[in-house]
Structures are given as structure tokens and as C-alpha cells.
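*Asks:*
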Amino acid sequence: MSYLAKNYNRKKISFKYGKGSYLYSSNNKKYLDFVQGIAVNSLGHAHPKLVQTINKQSKKLWHVSNAFQIPEGEKLAKKLCKKTFADYVMFQNSGAEATEAAIKVARKYFYSIGKPHKNRILCVKNSFHGRTLAAIYASGSRKMTEGFGPKVTGFDHFVFGDHKSLKNKITKNTAAIMVETIMGEGGIKVIPDWCLKELRKLCNKKKILLILDEVQCGISRTGNFFAFENSKIKPDIVPIAKGIGGGFPIGAVLMTKKAAKGINSFGSHGSTFGGNPLAMAVGNTVMDIVSSKKFLKKVKDLSKHFLKNLNIIKNEYPDIIKSIRGKGFLIGIQLYKDQSLFIKKLIDNQLLTIRASENVIRLLPPLNVKKNELDQSLKIIKKVCEELK
């Protein structure tokens, strides 16, 4: 009997340890892990520099209250701001907390400038922004909100790609538009660069804030540090998490000076564990690795190779694979038939993947994956297509 609540439909498999791109199960099987904690282990399992960092920091200091200065957090915040659009950073523990804080930042900004009526956030219907009460209602998914009433108000929704609906939903009460630059749970749907530019123009015109949720698609996963970078725009607020900790829980909200106006005051927001010394030490090491030009170039080069060959497989099996979606190492294989059997057969062939909406299988290798590991996964995917044709 398990004493764990059954809110997860867990597969009948567990792991003893991991190394790089691989997980080793309790029954001694070796699996190529293209889940990586759902885009969390940006440098794979047991990366030697992360292990070294945790060992070193754990012997010095794990946790102190944010009532005191935390030099490791100051250091990571500086790196993030120097690398990105941001002027300020608030550290959290997770992506859900980061998006929740982003909502608070936007609302508090308008309150601080004497416009408290501007407190509604416009989001994509059936998006994913986390599992807190506010975040599930921001997502606009009936499945996620069922049974958790009363409704958390303050959110409006438009359909992905419906630009007319988007514009019509903006009212005098709208404070911000919040979208995932690449929808992860929603089916690996990329917002094109031209659309991001138009969103920025629209927010400027309507004098509202632009929040780009990069919890899953950020931190070098696309070959740029942020997925929006090719569009050359500057958002107002960006929540991050997942990859920045390389497997250790870290979340953060990045903000411009303007957007931070309301929240940038004592007592406006807090987090007991957010920005703790152990997390910040790990974050600094991850940041140093994944933000280098050499590392980013390798992600771009290898992901191009991967996407090219996935499309070759798609063309060989047009009755099985409907489309290949995504960017960098945030990739989706959309199938014609239910993805459950395909995922099971991938597992049987020792490749771990995870589902997304719209009958999509997510492929989320570590960012330091090797070419031969990508080629191994391609062989497995092709084998499963051959078995199911």
C-alpha cells in the first residue's frame, strides 16, 4: 500500500540513480531520459560541477531568512539582469510561485500609479501557468479548475492564434497580457516572432504590461537564453524556474524597473525559502554554464540536427506523425492516434518521454545531450513508428 495521494498516475518504474542523459532503474535497466524532470535537469543527472557546488555550499550554509542579506542571491540576480532585459529579480521556489508573483507584480504596478481598477490579466485559453489557485484560473482550463471553486477572478482568455479575440478582450480593466512564449503543456505551440512583436506593440498602445512565461521554454532551452530573444522585443515581466536550478528548486520573477515600481517596497511580497544560499549557489553554477556563447551554439546546432531528422521520420511515416513542433530542445511529436501506446512503446525501448495536449509527445533532452544520444533516440522513435504502421 502506498501512503502517497493518488493525484499522479505514476508509471510502474522507479530509478536508483542518473548520470548525464540516462536514468538507471531499480531493476537495472538503462533509460535514455528525454523527460529530465519536465525540462528541469538542464544539465542532465549528477552533473559534476553541480554536485561539487552542492557539496561545497552544503558544508557552509543552507538557509537563512530573507531578513538578512544573501550574497549568493545578489550574485545570481546580477548575472540574470546583466544577461537579460531585467532590472530587478525576486527569487521564488517554483514556476507556479513565479507566475503567481508575476501576476502580483502587474496588479501592484497599476495600484501604485493610482489605477487599481486595472487588475485583470489576459491569458491564452488552456495554457499552463502552474497549479496554485490563481494560476489554474489564469490557465483557463475547465479540467484544471473543476472542483476548486469559488472562481478566482481577474482573468480573461482568448484562443491561441485568434488575434481578433485577443484585441476584443482588452478592456479598461486589463493590466497585462500573460502568455507562454512556447506553450509546453498545451502542445508545444510556438508564438512566432512576428506575433511577439505585435503583442509588444499592442501592450504599448494600450499602456498595459507584457508578461512572457518562460518557466519551461527559457534558460537556454531554445538555443537562446530566452525563447523570445529572436523577436528583439523587451517584455515587462518574465517568470522563470525549472532549468535555472538544474534539478534544484528555484523560481524567479524578472522585471523592468517600471514594472517593479509597486512590488519594489518592503513587505510587498515574500518567500521563506526563495533565494536560499544552497539554491542560489546551484543557480550561479547553472547560469555560468548555460549562458555561454559556446554552450548556446551547441544547443542550436544539435537541436537543428535533431529536428531535421525528426522531420525525416515524419515524412517516412506520414500516417503516424502529424507534425513536429517546437524549437531547440523543447520539441513535440504530434500523432494522429492516441499518444499513450506510442509512449509505452518508447519506454519499452528504453526512451523516456512525456505527453502534452493535442496528442503531442514532448521530447526534453538535457541541454548538454550528446549527438550519439540524440541519434539513439531517433532510432528508437523510428522503430516504434515501424511497429505501429
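Each residue of the sequence shown is one higher than the one before, starting from 1046 at the first, in my numbering. Don't be surprised by glycine CBs; every beta carbon is placed ideally from N, CA and C. Predicted model only: the values in this text are computed from it and were never measured.
1) Can you give me the start and stop residues for the beta strand (DSSP E) that residue 1436 sits inside?
2) Give every residue of the same chain whose Cβ lies closer than 7 Å to the Cβ of residue 1240, excluding the five residues on either side of it in the sequence, and list them in chain order.
3) What does the alpha-carbon distance come out to for the pair residue 1392 and residue 1174?
4) Among the candidates 1086, 1283, 1389, whose CA atom is the shortest distance from the CA of residue 1063?
5) Just verifying my parser: in three-state terms, what is the DSSP assignment at residue 1168?
6) Under a Cβ-count criterion, where at least 16 other Cβ atoms within 10 Å of its own Cβ denotes burial, should residue 1315 be classed as buried or exposed?
7) Per the DSSP calculation, residue 1219 is bridged to which residue(s)?
8) Please work out which residues of its chain come closer than 8 Å, Cβ to Cβ, to residue 1399, disregarding the five sequence neighbours upstream and downstream, and give them in chain order.
9) Pick helix, strand or coil for residue 1112, following the three-state DSSP scheme.
10) Could you give the first and the last residue of the continuous alpha helix (DSSP H) run that contains residue 1429?
11) Among 1280, 1297, 1279, 1278, whose alpha-carbon lies nearest the alpha-carbon of residue 1286?
12) Give the secondary structure of residue 1062 by DSSP, where H, G and I count as helix, E and B as strand, and everything else as coil.
13) As an exercise, report each continuous alpha helix (DSSP H) stretch of at least 4 residues that is fully enclosed by the stretch 1226 to 1275, in chain order.
14) Report the option in 1204, 1186, 1203, 1205 whose CA atom is closest to the CA atom of residue 1196.
15) Once DSSP output is grouped into helix, strand and coil, what is the label at residue 1295?
16) Rounding to the nearest angstrom, what Cα-Cα distance links residue 1431 and residue 1404 in this structure?
17) Identify every run of the alpha helix (DSSP H) within the stretch 1333 to 1391, keeping only runs that are complete inside it and at least 4 residues long; order them along the chain.
18) Within 10 angstroms of the Cβ of residue 1059, are there 16 or more other Cβ atoms? Answer buried if so, exposed if not.
19) Below 6 Å CB to CB, which residues in the same chain sit around residue 1262 once its five sequence neighbours on both sides are set aside?
20) Would you identify the three-state DSSP class for residue 1079, choosing helix, strand or coil?
21) Within the same chain, show all residues whose beta-carbon is closer than 6 Å to that of residue 1250, passing over the 5 residues directly before and after it, in chain order.
22) Considering just the uninterrupted stretch of the beta strand (DSSP E) at residue 1047, what are its terminal residues?
23) For residue 1132 and residue 1302, which I take to be in contact (beta-carbon distance under 8 Å), what is that distance rounded to the nearest angstrom?
24) Does DSSP put residue 1136 in a helix, in a strand, or in coil?
25) If I measure Cβ to Cβ from residue 1147 and keep anything under 6 Å in the same chain, skipping five residues before and after, which residues do I get?
26) Would you tell me roughly how many angstroms separate the C-alpha atoms of residue 1385 and residue 1115, rounded to the nearest one?
27) If I'm right that residue 1327 touches residue 1412 with Cβ under 8 Å, what's the distance once you round it to whole angstroms?
28) Can you give the beta carbon distance from residue 1276 to residue 1344, rounded, assuming they're within the 8 Å contact cut?
29) Quick check on the burial criterion: 16 or more other C-beta atoms within 10 angstroms. Buried or exposed for residue 1492?
30) So what's residue 1305 in DSSP terms, helix, strand or just coil?
31) If we count the other Cβ atoms within 10 Å of its Cβ and call it buried at 16 or more, is residue 1102 buried or exposed?
32) Whose CA, out of 1300, 1078, 1238, lies closest to the CA of residue 1130?
33) Between residue 1254 and residue 1221, what straight-line distance do the alpha-carbon atoms span, to the nearest angstrom?
34) So, using beta-carbon positions, are residue 1397 and residue 1167 closer together than 8 Å?
35) Do you know offhand how far residue 1358's Cα is from residue 1369's?
36) Mind checking residue 1237: buried by the 16 CB within 10 Å criterion, or exposed?
*Replies:* Let me spell this out:
1) Outside the displayed range of the chain (1046 to 1434) lies residue 1436, so it cannot be described from this structure.
2) In the sequence shown, counting from the first residue as 1, residue 1240 sits at position 195. Residues of the same chain with a CB within less than 7 Å of the CB of residue 1240, apart from the 5 flanking positions on each side, do not exist.
3) Stepping through the sequence shown from its first residue, residue 1392 is reached at position 347. Stepping through the sequence shown from its first residue, residue 1174 is reached at position 129. Answer to the nearest angstrom: the Cα atoms are 28 Å apart.
4) Taking the sequence shown and counting its residues from 1, the one referred to as residue 1063 is at position 18. Nearest option by C-alpha distance: 1086.
5) As a working note, residue 1168 is residue 123 in the sequence shown. In this structure, DSSP gives residue 1168 an extended state, which the three-state scheme calls strand.
6) On the sequence shown, residue 1315 is found 270 positions in, with the first residue counted as 1. With fewer than 16 Cβ atoms within 10 Å of its Cβ, residue 1315 is classed as exposed.
7) Sequence index remark: in the sequence shown, residue 1219 carries index 174 (1-based). Residue 1219 is bridged by DSSP to 1165.
8) Residue 1399 sits at position 354 when you count from the first residue of the sequence shown. For residue 1399, where only same-chain residues beyond five positions count, the Cβ hits under 8 Å are 1080, 1083, 1388, 1406, 1407, 1409.
9) Position 67 of the sequence shown, counted from the start, is the residue given in the question as residue 1112. Coil at residue 1112, not helix or strand.
10) Translated into positions along the sequence shown, residue 1429 becomes position 384. Judged by DSSP secondary structure, residue 1429 falls within the alpha helix (DSSP H) whose first and last residues are 1416 to 1433.
11) Your numbering for residue 1286 matches position 241 in the sequence shown. The shortest Cα separation from residue 1286 among 1280, 1297, 1279, 1278 belongs to 1297.
12) What you label residue 1062 is simply residue 17 of the sequence shown in a count that begins at 1. Of the three classes helix, strand and coil, the one that applies to residue 1062 here is strand, per DSSP.
13) The stretch 1226 to 1275 contains, as complete alpha helix (DSSP H) runs of 4+ residues, the segments 1238 to 1251 (chain order).
14) Start at 1 with the first residue of the sequence shown, and residue 1196 comes out as number 151. Checked all of 1204, 1186, 1203, 1205; the closest Cα to residue 1196 is 1186.
15) Position 250 of the sequence shown, counting from 1, holds the residue named residue 1295. Coil at residue 1295, not helix or strand.
16) For the purposes of this step, residue 1431 is taken as residue 386 along the sequence shown, with counting starting at 1. For the purposes of this step, residue 1404 is taken as residue 359 along the sequence shown, with counting starting at 1. Each residue's alpha carbon lies about 19 Å from the other.
17) Counting only runs that start and end inside the stretch 1333 to 1391, the alpha helix (DSSP H) elements of at least 4 residues fall at 1338 to 1361.
18) By 1-based counting over the sequence shown, the position of residue 1059 is 14. Exposed, by the Cβ-count rule.
19) Stepping through the sequence shown from its first residue, residue 1262 is reached at position 217. 1226, 1227, 1272, 1375.
20) The count along the sequence shown starts at 1 and reaches residue 1079 at position 34. Looking at residue 1079 - three-state DSSP - the assignment turns out to be coil, as it is neither helix nor strand.
21) Locating residue 1250 in the sequence shown gives position 205, counting from the first residue. Contacts found: none.
22) Counted from its first residue, the sequence shown places residue 1047 at position 2. In this chain, residue 1047 is not harboured by any beta strand (DSSP E), its DSSP state being neither H nor E.
23) Locating residue 1132 in the sequence shown gives position 87, counting from the first residue. Locating residue 1302 in the sequence shown gives position 257, counting from the first residue. About 4 Å separates the two Cβ atoms, so the contact holds.
24) The count along the sequence shown starts at 1 and reaches residue 1136 at position 91. Strand.
25) Indexing the sequence shown from 1 puts residue 1147 at position 102. If the five residues before and after residue 1147 are omitted, its C-beta is found closer than 6 Å to the C-beta atoms of 1256, 1282, 1284, 1298, all from its own chain and listed in chain order.
26) Your numbering for residue 1385 matches position 340 in the sequence shown. Your numbering for residue 1115 matches position 70 in the sequence shown. Annotation: residue 1385 to residue 1115 spans about 46 Å, alpha carbon to alpha carbon.
27) The sequence position of residue 1327 within the sequence shown is 282, counting from 1. The sequence position of residue 1412 within the sequence shown is 367, counting from 1. Incorrect: roughly 15 Å between the Cβ atoms, too far for contact.
28) Residue mapping note: residue 1276 aligns to position 231 of the sequence shown, counting from 1. Residue mapping note: residue 1344 aligns to position 299 of the sequence shown, counting from 1. That belief does not hold up - the Cβ atoms of residue 1276 and residue 1344 are roughly 18 Å apart, past 8 Å.
29) Nothing about residue 1492 can be reported from this structure: the residues present for the chain run from 1046 to 1434 only.
30) Counting from 1 along the sequence shown, the entry for residue 1305 is found at position 260. Note: residue 1305 maps to helix in three-state DSSP.
31) Mapped onto the sequence shown, residue 1102 falls at position 57. Counting every other CB atom within 10 Å of its CB across the protein chains shown gives residue 1102 a total of 16 or more, marking it as buried.
32) Translated into positions along the sequence shown, residue 1130 becomes position 85. Across the set 1300, 1078, 1238, the C-alpha of 1300 shows the shortest separation from the C-alpha of residue 1130.
33) The sequence position of residue 1254 within the sequence shown is 209, counting from 1. The sequence position of residue 1221 within the sequence shown is 176, counting from 1. So the two alpha carbons sit approximately 4 Å from each other.
34) Taking the sequence shown and counting its residues from 1, the one referred to as residue 1397 is at position 352. Taking the sequence shown and counting its residues from 1, the one referred to as residue 1167 is at position 122. Annotated as distal: residue 1397 and residue 1167, with beta-carbon spacing of 8 Å or more.
35) Working through the sequence shown from its first residue, we reach residue 1358 at position 313. Working through the sequence shown from its first residue, we reach residue 1369 at position 324. Taking C-alpha positions only, residue 1358 is separated from residue 1369 by approximately 10 Å.
36) Locating residue 1237 in the sequence shown gives position 192, counting from the first residue. Under this definition residue 1237 is an exposed residue.
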